[in-house]
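Notes for the one structure printed next.
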Amino acid sequence: KIRSTARLIDYSLFLCFLSFVVKRFPEWQFDVPNQRIYWSMLSFVLYIPVDSICVWLFRATPGKWLMGITINRSDGRRLSFRESVRRAVDVWAKTLGFGFMILTMFTVYLQVSTLRRFGATSYDLSHGWRVELKSMNHLRRIGYFVFLICMFGGIFLAPGRAYSFSMFDMLY
């Protein structure tokens, strides 16, 4: 639950940023019906460099940091940039099903099953990467609740888009 919450925080922050950028540059919008579907699939690919750089430099993304998660090699050292990219691509493929929602249902189930059975996901096991969890301190709890308030406030109070449940719906 903690890992998926961290990923939700990371993607939510990234989608807010991406929504802001796409709204400011209308020429980046696809001229096709239901372009939200394309942006939603493309957003997972666009997030790979962000995740890679954060894990490489800080051993965590903002969501992982907030939830007390760090990613290391089995010897305790930080992942190289190449390993960070490899891990981000593996997450995209083996957990997020390349951004295809139907495939994601199966890939998430397989990773959760592997995590429960072996204490790590298949990509972490196969490469010898270690996910460490720290206890939630008061600062992290406050940060988490501030994030929730901002996220739900943004969803329900978006100008002209009251009760919109998709970040990409707020673009239009």
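All residue numbers for the sequence shown refer to my numbering, where the first residue is 1242 and numbers rise by one. All C-beta atoms in this analysis are idealised placements derived from N, C-alpha and C, irrespective of residue type, glycine included. From a predicted model like this one, the values you see are computed outputs, not experimental measurements.
Practice task
Using the Cα positions of ILE1312 and ARG1300, report the straight-line distance between them to the nearest angstrom.
Solution key: If you take the alpha carbons of ILE1312 and ARG1300, they lie about 5 Å apart.
Problem - THR1311, DSSP secondary structure in three states - result: If DSSP states are grouped into helix, strand and coil, THR1311 belongs with the strands.
Practice task
Just confirm the distance between the C-beta atoms of PHE1261 and LEU1337, as a whole number of angstroms; I'd bet it's less than 8 Å.
Solution key: Not quite, the Cβ-Cβ distance comes to about 22 Å (not below 8 Å), so this is no contact.
Practice task
Could you check what DSSP says for VAL1372 in three-state terms: helix, strand or coil?
Solution key: DSSP places VAL1372 in strand when its eight states are reduced to three.
Exercise for the section: Any chance you could list the alpha helix (DSSP H) runs of at least 4 consecutive residues sitting entirely within the region 1245 to 1302, in chain order? Expected result: With a minimum length of 4 residues, the continuous alpha helix (DSSP H) runs that stay inside the region 1245 to 1302 are 1276 to 1299.
Exercise for the section: Report the rounded CA-to-CA distance for ARG1371 versus GLY1309, giving the unit in angstroms. Expected result: In this structure, the straight-line span from the alpha carbon of ARG1371 to that of GLY1309 is close to 14 Å.
Exercise for the section: Helix, strand or coil for ARG1358, going by three-state DSSP, please let me know. Expected result: Three-state result, ARG1358: helix.
Problem - Continuous alpha helix (DSSP H) stretch holding SER1325: start and end - result: Looking at the DSSP string, the run of the alpha helix (DSSP H) that includes SER1325 is 1322 to 1335.
Exercise for the section: Please determine if the region 1321 to 1334 and the region 1374 to 1394 are in contact, where contact requires at least 3 C-beta pairs separated by less than 8 Å. Expected result: The answer is no - the region 1374 to 1394 does not touch the region 1321 to 1334, with fewer than three Cβ pairs under 8 Å.
Exercise for the section: Look at the alpha carbon of THR1302 and the alpha carbon of ASP1292, and state the distance between them as a whole number of angstroms. Expected result: When the Cα atoms are used, THR1302 and ASP1292 turn out to be separated by approximately 6 Å.
Handout entry: 7 Å Cβ cutoff met for THR1348 and LYS1335
Key = A contact, by the Cβ cut-off of 7 Å.
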